[in-house]
Structures are given as C-alpha cells and as structure tokens.
C-alpha cells in the first residue's frame, strides 16, 4: 500500500508524516485487533503509546483518517471497538470539530458495538449543545439519533438538547439536530417540549429561516403525538397569515396550514364532548384569532370549530389582502381552494415577478 507523504498538511496541526511514523501508527491499529491482542500483556504504557499513535493517525489528514475508517469497517479483523472508543473519547471535542477525525467518530457509530457507542455518548454528555452547534460535529449527534442503537442510552443527551432547544432552533447547525430529534421521536416528550417553546414566541420564530423549518417539522409530527399543540400553532399562524404570506420563510408555514390543516378530536383526553368543546374554546380564545378577524373586517367571524386553514384563507382574500403581493406558492394554493379569481392570481403573479426583477437589478 503506497504511503501518501502529504498526510497531515490539512488537519490537526501535525507535521507531515514520515515512513517510520506511519509504520508505528499501523502497528497501533494492529494492536486493536482482538485476535492479536488476546493474552497479550498490555500495560498502561503500551495502551498510552497505542492511543497516541491512533490519535495521530486520526488527526493527521485524509489518508490517516481513511486508514482508521477502513480498519473499523473491515470484516477480516476483530476490532476492539471499546478500546478505540476509549481512545477517541479522550479527545472527543477535538474529534467532532476536526474535518478528518470526525469521520472516524461517525464510522465508529455505524460499526461499533453498543458498549463502545455508550463510551462516546458519555463523553459527549454535558457538551451535547456545543456539539450540535458545530458545523461538522452536528453530524455526529444526527448519526447517533438516526442509528438509535439498542443498548445505547441517549436519554440524557436528548434532555440536554431539549434544555437548549431555544437557542438550537435558530442555529445554523443546531436546527438540523432538533429536526432529526423530532423525526425520530418515539414518544410525545420531545414534540411537546419543543411545541411549548415555539408557542411562546411563534411570530418571531416563523420569520427565522432555520426556526421555520423546525416549526414545519413540528406540525408534521404533532399530528400524531400532540394534536392540541398542532391546533394552537396553526391558529397562531393563521392569525398572522397576511404578513407571513409575504415573508420568505413564513410563507412556507402558511402554505402548510392551508394544505394540511385538519380537524381533530380530543376525546381521548377529555371525559365528555362538553369538556372537549370548552378546551377548544379556551385555546381559540388564547390565540386571539377572533380579534384579528374582526379587525380584518370579516363578515362572518370564525368559531372554535372553524379549521385554521379556512381562517387563513378568509384572511388572505379580504379587501385589505387584495392590495398585497403574496408569494406565488400561496397564490397557487388559494387558486386550488378557489378562494381567488384567476385574474387576481395572474395580476399578483405578474406583480411578484416584477418585484423579483427589481431586486435582481438592485443587486
């Protein structure tokens, strides 16, 4: 196997590798072969030397990282995953931030045994939010959650991420981790926790590009796990339909409300239909949607039995709304719902295209 002498120039801050160093690092990998180490007298000094050489290989560059990855995924070697995980855990924060060692961690997550993965998870615990904010490191957490390996306890890491969800939702990298947590949620704890936080400042978050993607994912998952929360979020979005339909991020959420808002029953949570009606009325009053509709001049005010999609459609077709230019995705949905005339859709679409041309010229 040829030796790439340029190894180490791109990562880890190490000097270019020499033949002797590469040979010693390869010997360190061989020491992690269970078949070759069974019965060996491995002293602390030996383990320290192996750990130093393996870490040098992981952080030294693309070629060294690939050697370790090939070793981990090899089918002809009995890899001591736990020892390798112990070595990587000693510098786990450096590893998730390094463009080469990061792939070693991820390869270990896919191929390692549960005991090895638990060692890495324990090392990340307490620094999970920092890992989620890392442009490279967030992939480590995403792989952990997606893999969902039996025998690996990630409950504390998920609790830590939920505790920091307020800042992670609007973070460039962190919002991806929150979306994956929602996608693979096995109970309503995650969905409820994030939904309650969104309800506190939905108007602000709906206008944030990253947070808007999380809100859309919540609306998808809450239909099964937390229908009440979905109903309240849809009501709050419908109340701001006029402004959000013109916004670059918010219009996706209004489109989602128009297309996918469905009725639901709280019968499994309430003892009687009367209790259910009172609960829906309470959430309806809390949203302030009636005052918004009255101010917009709607002839018929909605009730707690009106779907959020119908409320949003009514608000988007008032006289005041006719003087606004909406995103073309909203116009298409309204046209399908037959809430606007084709002439109005064509005029609005033409006006939207003219505005886009003006922005391009200004740039």
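Numbering (the working numbering), first residue to last: 1 to 363.
Where a beta carbon is used, it is the ideal one built from N, C-alpha and C, also for glycine.
Who are the Cβ neighbours of residue i in its own chain at under 6 Å, not counting the five residues just before and after it?
i: residue 38; result: No answer about residue 38 holds up, because its pLDDT of 43 lies below 50 and its placement is not dependable.
i: residue 369; result: The structure shown does not extend to residue 369, since the chain spans only 1 to 363, so no value can be given for it.
i: residue 68; result: 57, 58 and 104
i: residue 309; result: 257, 258 and 261
i: residue 341; result: At residue 341, the pLDDT of 43 sits below 50, so the modelled position is not reliable and the matter cannot be decided from this model.
i: residue 224; result: none
i: residue 95; result: 88, 101 and 105
i: residue 123; result: 89 and 92
Can you grab the Cα-Cα spacing for the pair residue i / residue j, in whole Å?
i: residue 173; j: residue 129; result: 11 Å
i: residue 120; j: residue 70; result: 19 Å
i: residue 50; j: residue 29; result: 8 Å
i: residue 98; j: residue 72; result: 18 Å
i: residue 216; j: residue 149; result: 27 Å
i: residue 154; j: residue 142; result: 12 Å
i: residue 204; j: residue 75; result: 51 Å
i: residue 236; j: residue 202; result: 8 Å
i: residue 106; j: residue 166; result: 26 Å
i: residue 353; j: residue 151; result: Residue placement at residue 353 is flagged as unreliable, the pLDDT there being 49, under the threshold of 50; the coordinate-derived value follows with that caveat. The straight-line gap from Cα to Cα measures roughly 55 Å.
i: residue 230; j: residue 176; result: 20 Å
i: residue 108; j: residue 221; result: 30 Å
i: residue 332; j: residue 228; result: 28 Å
i: residue 281; j: residue 325; result: 33 Å
i: residue 285; j: residue 304; result: 8 Å
i: residue 195; j: residue 118; result: 29 Å
i: residue 48; j: residue 248; result: 54 Å
i: residue 322; j: residue 156; result: 51 Å
i: residue 268; j: residue 283; result: Low local confidence applies: a pLDDT of 46 at residue 268 is under 50, so the model's placement there is unreliable, and no value is given.
i: residue 84; j: residue 164; result: 30 Å
i: residue 226; j: residue 131; result: 28 Å
Once the 5 residues before and after residue i are set aside, which same chain residues still bring their CB inside 7 Å of it?
i: residue 301; result: 290, 293 and 294
i: residue 181; result: 145, 158, 161 and 190
i: residue 65; result: 58, 100, 101, 103 and 104
i: residue 444; result: The structure shown does not extend to residue 444, since the chain spans only 1 to 363, so no value can be given for it.
Are the CB atoms of residue i and residue j nearer to each other than 8 Å?
i: residue 250; j: residue 206; result: yes
i: residue 210; j: residue 254; result: no
i: residue 213; j: residue 179; result: yes
i: residue 102; j: residue 61; result: no
i: residue 133; j: residue 93; result: no
i: residue 316; j: residue 330; result: yes
i: residue 232; j: residue 186; result: no
i: residue 218; j: residue 198; result: yes
i: residue 54; j: residue 87; result: yes
i: residue 296; j: residue 318; result: yes
i: residue 246; j: residue 135; result: no
Verify the contact flag: residue i, CB atom, against every heavy atom of the ligand NAP, threshold strictly below 7 Å.
i: residue 239; result: Among the components of this structure there are no ligands whatsoever, and the ligand NAP is therefore not found.
Please list, in chain order, all residues of the same chain as residue i whose beta carbon is under 8 Å from its beta carbon, the five residues on each side excluded.
i: residue 184; result: 145, 146 and 148
i: residue 234; result: 219, 257, 261, 308 and 309
i: residue 320; result: 242, 296 and 297
i: residue 171; result: 132, 133 and 210
i: residue 125; result: 156, 157 and 160
Touch check for the segment 234 to 248 and the segment 184 to 197: three-plus C-beta pairs under 8 Å? no
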